[in-house]
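Okay, structure first, notes after.
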Amino acid sequence: MSGVLETMLHSEKNAVCCKCKKSVSEAELVKRYFICPECHAYDRIPPRARIEYLTDKDSFNELFCADIDADPISFPGYAEKKAASRKKSGETEAVLCGTARIGGYETCIFVMNSEFMMASMGTVVGDRIASLFEYAIKRKLPVIGYAASGGARMQEGVLSLMQMVKTSIAAKKHSDAGLLFIVCLTDPTMGGVTASFATLGDIIIAEPNALIGFAGRRVIEQNTGGKLPESFQSAEFQLEHGVIDGIVERKDQRDYLTDVLSMHAEKWGVKA
Ligand SMILES: [Zn+2]
């Protein structure tokens with residue numbers, strides 16, 4: 005381990021579990037892939053830590069990280085909200101993109117950050133993801149994507165919805181070039197992200213118990229007047245209904261991705 009994980013492993017700070025709200029040391033969380041030792045909930049992983057778990061040591065090279073602070077419709081309160089997210093996360097936006105090796109295979113990778121305005125998709129997020137697909141097409145590389153999102157970023161108005169089209173076209177062009185796109189849906193993946201690139205993977209996996217859907221449960225129940233099953237929109241529900249191909253635990257994800265990349269070696273532009 006190096007970088008973020010190494011630092012957290014030696015940290016004396018505590019974090020609070022997102023589900024049971026018990027205090028857990030950062031070092032303990034790192035050892036357990038950010039899974040709560042008390043209630044076994046999958047806690048949120050900072051994107052750089054996620055990348056370290058998944059990729060070969062020191063192989064990540066960040067791309068499309070230009071610091072663009074977009075506020076295209078001057079939405080009231082947006083600048084302040086985004087500034088707070090930037091300060092809290094230490095990141096400039098809700099997605100981190102780059103190249104890295106996984107099990108020796110060269111890949112393009114993006115990881116969305118639910119701690120940054122619930123990883124909502126605005127113009128910068130859309131630009132970064134579309135640019136990564138374009139980069140992958142030029143270099144004939146597979147794309148590994150970790151999705152998370154509350155949906156479109158409402159503070160950017162209709163421009164946020166246009167990111168659905170832009171990212172979907174980029175993913176389609178990557179597919180038409182015969183290249184592999186594996187996406188992992190993490191908790192929560194909702195709205196315009198689910199309805200665009202996040203469900204366009206050749207292989208779609210999810211983390212256990214992740215919330216995956218388009219509109220939320222309450223909105224659907226109010227509109228249909230019906231009661232939805234308890235498991236509605238869980239990863240397990242989506243697997244049962246054919247939306248995703250599999251559920252992979254965090255400790256197994258790196259090996260799973262390596263296996264899939266090795267199976268597609270040479271054929272779909274995957275190279276060691
Ligand atoms: Zn817990």
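Taking my numbering, I'd label the letters of the sequence shown as residues 5 to 276. Cβ coordinates follow ideal geometry from the N, Cα and C atoms, glycine included. This structure is a prediction, so every number in the text was calculated from the model and none was measured.
Since Gly102 is in the beta strand (DSSP E), which residue starts that stretch and which ends it? If you number the sequence shown from 1, residue 102 lands on position 98. Taken as a continuous stretch (DSSP letters only), the beta strand (DSSP E) holding Gly102 covers 99-106.
Roughly how many whole angstroms lie between the Cα atoms of Glu234 and Ala219? For the purposes of this step, residue 234 is taken as residue 230 along the sequence shown, with counting starting at 1. For the purposes of this step, residue 219 is taken as residue 215 along the sequence shown, with counting starting at 1. Their backbone Cα atoms lie some 16 Å apart in a straight line.
For Ser266 and Ser107, believed in contact at Cβ under 8 Å, the rounded distance: Numbered from its first residue, the sequence shown carries residue 107 at position 103. Numbered from its first residue, the sequence shown carries residue 266 at position 262. Inspection of the sequence shows that residue 107 is occupied by Gly rather than by Ser. Correct: roughly 7 Å between the Cβ atoms.
Is the separation between the beta-carbon of Leu67 and that of Ser135 shorter than 9 Å? One-based indexing of the sequence shown puts residue 67 at position 63. One-based indexing of the sequence shown puts residue 135 at position 131. Closer than 9 Å, so yes.
With H, G and I counted as helix, E and B as strand and the rest as coil, what does DSSP make of Asn213? The residue given as residue 213 occupies position 209 in the sequence shown. Of the three classes helix, strand and coil, the one that applies to Asn213 here is coil, per DSSP.
What does the Cβ neighbour count give for Gly336, buried or exposed, with the cut at 16 atoms within 10 Å? With the chain running from 5 to 276 in the structure shown, residue 336 is simply not present.
Just to confirm before moving on: does the CB-CB distance between Pro76 and Gly161 stay below 9 Å? On the sequence shown, residue 76 is found 72 positions in, with the first residue counted as 1. On the sequence shown, residue 161 is found 157 positions in, with the first residue counted as 1. Yes, they are a contact pair.
Any heavy atom of ligand 1 within a distance shorter than 8 Å of the CB on His178? Along the sequence shown, one-based indexing puts residue 178 at 174. For ligand 1, not one heavy atom lies less than 8 Å from the Cβ of His178.
Continuous beta strand (DSSP E) stretch holding Gly149: start and end: Here residue 149 corresponds to residue number 145 of the sequence shown, with the count starting at 1. That run of the beta strand (DSSP E) goes 147-153.
Roughly how many whole angstroms lie between the Cα atoms of Tyr139 and Ile248? Taking the sequence shown and counting its residues from 1, one reaches residue 139 at position 135. Taking the sequence shown and counting its residues from 1, one reaches residue 248 at position 244. Taking the straight line from one Cα to the other gives about 26 Å.
Please go through the region 47-96 and give each complete beta strand (DSSP E) segment of 3 or more residues, from N-terminal end onward. 65-67
Would the beta-carbon of Lys231 be found less than 8 Å away from any heavy atom of ligand 1? The count along the sequence shown starts at 1 and reaches residue 231 at position 227. Flag unset: Cβ of Lys231 not near ligand 1.
Specify the secondary structure class of Ile224 as computed by DSSP and reduced to three states. As a working note, residue 224 is residue 220 in the sequence shown. Reduced to three states, the DSSP call for Ile224 is helix.
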